[in-house]
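The structure appears right after this line, and notes come after that.
Numbering (the working numbering), first residue to last: 6 to 226.
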């Protein structure tokens, strides 16, 4: 009798300054907790930059979103309120009153790439969570050196090595290659959840949607 459980390789393509990515990751993890023991999961965090050309100073959130998406300040506020409610439903706290700016995240993606090489997928995910909290709950700049190093420490990564990565351009080519891979695959919005390199679940879905999709894919595996 074959008792092996289905194997699911999950690539979570996202950016740290994307609120729906914070919601999506929390929701996905809830779904995976409901499938514990039923599937063998490898979850990898993959890079995507919403603002690849933004300078280190960042930009004011409301004017930036208004210009980029043609939204009024009132629409931005309503959208942020909706995001906060959706976040609370999956246990993620958004403090929009603390987050006035959005930022480039390339250095954060370099650090995340190193984190998986250094400590495996679990420490990479711990760093991802620390970065998301730093930005959306504490209002910090996830591209700032001190924030990156503090988040690395929270994730249990080696501080000295983390500083070496942040202060260099290590893994820049690897991150850009991954980013191009997903852009070439047609991914232009995040989060994008790719399962076994074949199935795509787009957007910050509720846990139930992820759970249903994962069960269906596992049954076909």
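From the three backbone atoms N, C-alpha and C, an ideal C-beta is built for every residue, glycine too.
| Query | Result |
| --- | --- |
| Sheet register partners of residue 14 (DSSP bridge) | 47 |
| Residues near residue 219 in its chain [Cβ-Cβ closer than 8 Å; skip 5 each side] | 13, 36, 37, 40, 44 and 200 |
| Inter-residue CB distance, residue 144 and residue 103 (contact presumed, cutoff 8 Å) | 3 Å |
| Cβ pair count under 8 Å reaching 3, the region 108-127 against the region 76-90 | no |
| Which residues DSSP lists as bridging residue 118, in chain order | Looking at the DSSP assignment, residue 118 forms no beta bridge with any residue, so it has no partner. |
| For residue 155 and residue 6, the rounded distance between their alpha carbons | For residue 6, the predicted model reports a pLDDT of 42, less than 50, meaning its position is unreliable and no value from the coordinates is stated. |
| Residue of 130, 113 and 125 minimising C-alpha distance to residue 171 | 113 |
| Segments assigned alpha helix (DSSP H), at least 4 residues, entirely inside the region 32-97 | 66-74 and 78-94 |
| Element boundaries [beta strand (DSSP E), containing residue 198] | 197-200 |
| Contact set for residue 10: own chain, Cβ-Cβ below 7 Å, skip 5 residues either direction | 43, 44 and 45 |
| Span separating the alpha-carbon of residue 101 from that of residue 62 | 19 Å |
| Closest residue to residue 136 among 48, 169, 99 and 183 (Cα-Cα distance) | 99 |
| Spatial distance of residue 208 from residue 75 (CA atoms) | 20 Å |
| Three-way DSSP call (helix, strand, coil) for residue 134 in this model | helix |
| Where residue 6 falls: helix, strand or coil (DSSP) | Annotation note: pLDDT 42 at residue 6 (below 50); position unreliable, coordinate value reported separately. Coil, per DSSP. |
| Endpoints, the beta strand (DSSP E) within which residue 222 is located | Residue 222 -> not in any beta strand (DSSP E); alpha helix (DSSP H) instead, spanning 212-225. |
| Residues bridged to residue 107 (per DSSP) | 64 |
| N- and C-terminal bounds of the beta strand (DSSP E) containing residue 207 | 204-207 |
| CB of residue 23 within 9 Å of CB of residue 163, strictly | no |
| Where residue 140 falls, given that 16 or more other Cβ within 10 Å makes a residue buried | buried |
| Coil, strand or helix - residue 19 by DSSP | strand |
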